[in-house]
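K.L.:
Numbering (our numbering), first residue to last: 1474 to 1854.
Idealized CB from N, CA, C, for every residue including glycine.
Since the model is a prediction, treat every value here as computed from it, not as a measurement.
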Ligand SMILES: Cc1cc2nc3c(=O)[nH]c(=O)nc-3n(C[C@H](O)[C@H](O)[C@H](O)COP(=O)(O)OP(=O)(O)OC[C@H]3O[C@@H](n4cnc5c(N)ncnc54)[C@H](O)[C@@H]3O)c2cc1C
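#1: Using only the heavy atoms of ligand 1, determine whether one of them is closer than 7 Å to the beta carbon of residue 1649.
#2: Is it buried or exposed, residue 1664, if we count other Cβ atoms within 10 angstroms and call 16 or more buried?
#3: Per DSSP, what kind of secondary structure is residue 1754 in: helix, strand or coil?
#4: Regarding residue 1714 and ligand 1, is the C-beta to nearest heavy atom distance less than 7 Å?
#5: Please return the same chain residues whose Cβ sits closer than 7 Å to the Cβ of residue 1759, not counting the five positions on each side in sequence.
#6: Pairing CB atoms from the segment 1530-1542 with CB atoms from the segment 1687-1698, are three or more of them under 8 Å?
#7: List, from N- to C-terminal side, the beta strand (DSSP E) runs of 3 residues or more that fit wholly inside the segment 1488-1514.
#8: Pull up the DSSP beta-bridge partners for residue 1712, would you.
#9: Ligand 1 and residue 1579: does the residue's C-beta get closer than 7 Å to at least one heavy atom of that ligand?
#10: Assuming contact is defined by CB atoms lying nearer than 8 Å, are residue 1477 and residue 1562 in contact in what I supplied?
#11: Measuring from the CB of residue 1515, is there a heavy atom of ligand 1 at a distance below 7 Å?
#12: Terminal residues of the continuous alpha helix (DSSP H) containing residue 1773?
#13: Report yes if the CB atom of residue 1762 is closer than 8 Å to the CB atom of residue 1487, and no otherwise.
#14: For residue 1573, tell me which candidate among 1774, 1823, 1783 and 1815 has the shortest Cα-Cα distance.
#15: Starting from residue 1627, trace the alpha helix (DSSP H) in both directions and tell me its first and last residue.
#16: Mapping DSSP to helix, strand and coil, what is residue 1605?
#17: Please report the Cβ distance between residue 1788 and residue 1797, rounded to the nearest whole angstrom; I am assuming they are in contact, meaning their Cβ atoms lie under 8 Å.
#18: Does at least one heavy atom of ligand 1 sit under 7 Å from the Cβ of residue 1764?
#19: Is residue 1851 near ligand 1, going by C-beta to nearest heavy atom under 7 Å?
#20: Do residue 1618 and residue 1706 have their CB atoms nearer than 8 Å?
#21: Looking at ligand 1, does it come within less than 7 Å of residue 1545, judged from the CB to the closest heavy atom?
#22: My output table needs one value for residue 1800: the three-state DSSP class, helix, strand or coil.
#23: With a CB to CB cut of under 6 Å and the five nearest residues on each side skipped, what residues in its chain are close to residue 1731?
#24: Looking only at its own chain, which residues have a Cβ that is under 8 Å from the Cβ of residue 1667, when we skip the five neighbours before and after it?
#25: Nearer than 7 Å: is that true of the beta carbon of residue 1760 relative to any heavy atom of ligand 1?
#26: State the beta-bridge partners of residue 1693 as determined by DSSP.
#27: Pull up the distance between the alpha-carbon of residue 1519 and that of residue 1558, whole angstroms please.
#28: For residue 1603 versus residue 1508, is the C-beta distance shorter than 8 Å?
#29: Is residue 1555 near ligand 1, judged by its Cβ being under 7 Å from some heavy atom?
#30: Could you check whether residue 1577 and residue 1479 sit closer than 8 Å to each other, using their CB atoms as the reference points?
#31: Please confirm whether residue 1575 and residue 1599 have their CB atoms less than 8 Å apart.
#32: Hey, could you find the ends of the beta strand (DSSP E) residue 1556 is sitting in?
#33: Grouping DSSP H, G and I as helix and E and B as strand, with all else coil, what is residue 1572?
#34: Can you tell me whether residue 1533 sits near ligand 1, meaning its C-beta is under 7 Å from at least one heavy atom of the ligand?
#35: Say whether the segment 1680-1695 touches the segment 1824-1832, bearing in mind that this needs 3 or more beta-carbon pairs closer than 8 Å, one atom from each stretch.
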C-alpha cells in the first residue's frame, strides 16, 4: 500500500499530517511543482505591514517536512499525467511513481490578465510563496503599485501595501469592492475605509493595456485614462486546477468532483482544497480544506469518514475595516436588513419565513459572527 499526494499547499500537507495521526507506517510521497516549503497562504496578504519577509513565512523547509511526515517530498517537479490503469503518476522528466491511493491537492490557477501592451507579461500574480517572493523583490525599492481586482485578495493587498506606505491604485469593473461577498452597504463601508487609508479605487473600469514607460509602467484604463505604476499586481480570480484530472478521465465540474468522502469518480483517487468541488461546493478557503484534510486523513488510514462542512464564513483581513461574511447563494429569495452605522455594520439576509440565508459583518460587528453562524444549517455532514 502506498499513498501519493500531489500538492504541498495547506491541502496537501494538512492531509499528510492528518494521515500520520492515524497511520505512521504507509509509505507516503508528496509531489509539488513549487519549492515545497510549508507556509500559510493567508499570511501572504498581510506580510508587508507585519514586515515579514518571505523567509519569515516559511514554517518548514521540504526536507524538514519530509522528516516530520516520514515521507518522500519531491519538489520543483510537475506531475504530467495520472495513468489510472497502471496506477502511477508520470512526472516531468519521465519518472513514474506508483500509488494505491492518490490525493489531488493541486490548488487553483490564476487567470492570465486579458491585457494588451508590451508589459502585459510583467504583471505579477500572488497565489503561492514563490510568486510572493518575486513580487516582494519587485516591490522592494519602488513606491507605486497598481492592483487589478477588487475581490478578497485585491482588497487585502491594497490594505497591506497601503499600510506599508506604498501608493496604491486599485482598478476593478464593479462599482464596489468585494462584489461576490458583500451587498452594497457594507461594501460602501469598506470602500470608504480603503479610501481613507489612502488607496485610490478606480471602479467601473478595467485595465486594457500595460506598457513600459520611463522606469515603470503606464496602464491604460477602459475609460481612456492612464495610470502610472512601478509594479502591477493582478488579483482577478482563480479557477480550480482540473486539467490533469480531466485528462485522466475523472469527473470534473467547476472543480474535480468528489463525494462527501472526498473520493473522485475513481474510488482510489481523492481531491480537496482549491481544486475540488465537494458535493457541488467549491470553497477556496482554509476552513473547508482543514475539515476535508481531517476526514481524508482518517479515510486514507482505513476508516472511511465523511467531511463535515458547517457554514464557514469568510474573513477578509482588511484591517481598515474587517469583514466576515457568508453570502446567500445566487438568486436566493430574501431581503437584507442592516443594523449599525459607519464601518460597524451587521447585515442579515433572511427569507420571508425569517430563515437566515446569509450575513455580512464589518468593523466592530465582526465579533457577532458566532451566533449567526450557528443559526445557519450546515452544508454537509
Ligand atoms: C493572498 C491570499 C490570501 C488568502 N487569504 C485567505 C484567508 O484569509 N482565509 C482563507 O480561508 N483563505 C485565504 N486564501 C485562500 C487559501 O489560502 C487557499 O484556499 C488555500 O491555501 C489553498 O490550498 P491548496 O492546498 O488547495 O492549494 P495550493 O496552496 O495552491 O497548493 C497547490 C499545490 O499543488 C501543486 N501543483 C499543482 N499542479 C501540480 C502539478 N501538475 N504537479 C505537481 N504539483 C502541482 C502546487 O505546486 C502546490 O504545491 C488566500 C489566498 C491567497 C492567494
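P.N.:
By the coordinates alone:
#1: Answer for residue 1649: no, Cβ out of range of ligand 1.
#2: By the neighbour-count rule (16 or more Cβ atoms within 10 Å), residue 1664 is buried.
#3: Here residue 1754 sits in strand by DSSP.
#4: Yes, the Cβ of residue 1714 comes within 7 Å of a heavy atom of ligand 1.
#5: So the qualifying residues of the chain are 1483 and 1515.
#6: No contact exists between the segment 1530-1542 and the segment 1687-1698.
#7: 1501-1504, all fully within the segment 1488-1514.
#8: Partner(s): 1582.
#9: Indeed, a heavy atom of ligand 1 lies less than 7 Å from the Cβ.
#10: Cβ atoms of residue 1477 and residue 1562: closer than 8 Å.
#11: Within 7 Å of the C-beta of residue 1515 there is at least one heavy atom belonging to ligand 1.
#12: Its alpha helix (DSSP H) spans residues 1759-1773.
#13: Yes.
#14: Nearest C-alpha to residue 1573: 1774.
#15: According to the DSSP assignment, residue 1627 belongs to the alpha helix (DSSP H) that extends over 1625-1636.
#16: DSSP, reduced to helix, strand and coil, places residue 1605 within a helical segment of the structure shown.
#17: That belief holds up - the Cβ atoms of residue 1788 and residue 1797 are roughly 5 Å apart, short of 8 Å.
#18: Not under cutoff, so the answer is no.
#19: Taking non-hydrogen atoms of ligand 1 into account, the C-beta of residue 1851 is found less than 7 Å away from none of them.
#20: Cβ atoms of residue 1618 and residue 1706: closer than 8 Å.
#21: Not so, every heavy atom of ligand 1 lies at least 7 Å from the Cβ.
#22: Three-state DSSP puts residue 1800 in coil, outside helix and strand.
#23: Excluding sequence positions up to five before and after residue 1731, its CB lies within less than 6 Å of the CB of 1737, 1744, 1749 and 1751, all in the same chain and listed in chain order.
#24: Around residue 1667: 1628, 1631, 1632, 1635, 1643, 1650, 1674, 1791, 1793 and 1794.
#25: At least one heavy atom of ligand 1 is nearer than 7 Å to the Cβ of residue 1760, so yes.
#26: Note: residue 1693 sits in a beta bridge opposite 1682 and 1699.
#27: Taking the straight line joining both Cα atoms gives about 44 Å.
#28: Closer than 8 Å, so yes.
#29: A distance criterion of 7 Å places the beta-carbon of residue 1555 beyond contact range of ligand 1, judged by its closest non-hydrogen atom.
#30: Yes, Cβ-Cβ distance for residue 1479 and residue 1577 is below 8 Å.
#31: Not in contact: residue 1575 and residue 1599 (Cβ atoms no closer than 8 Å).
#32: Taken as a continuous stretch (DSSP letters only), the beta strand (DSSP E) holding residue 1556 covers 1552-1556.
#33: Correct three-state label for residue 1572: coil.
#34: Taking non-hydrogen atoms of ligand 1 into account, the C-beta of residue 1533 is found less than 7 Å away from none of them.
#35: Segment contact: the segment 1680-1695 against the segment 1824-1832, fewer than three CB-CB distances shorter than 8 Å; contact not assigned.
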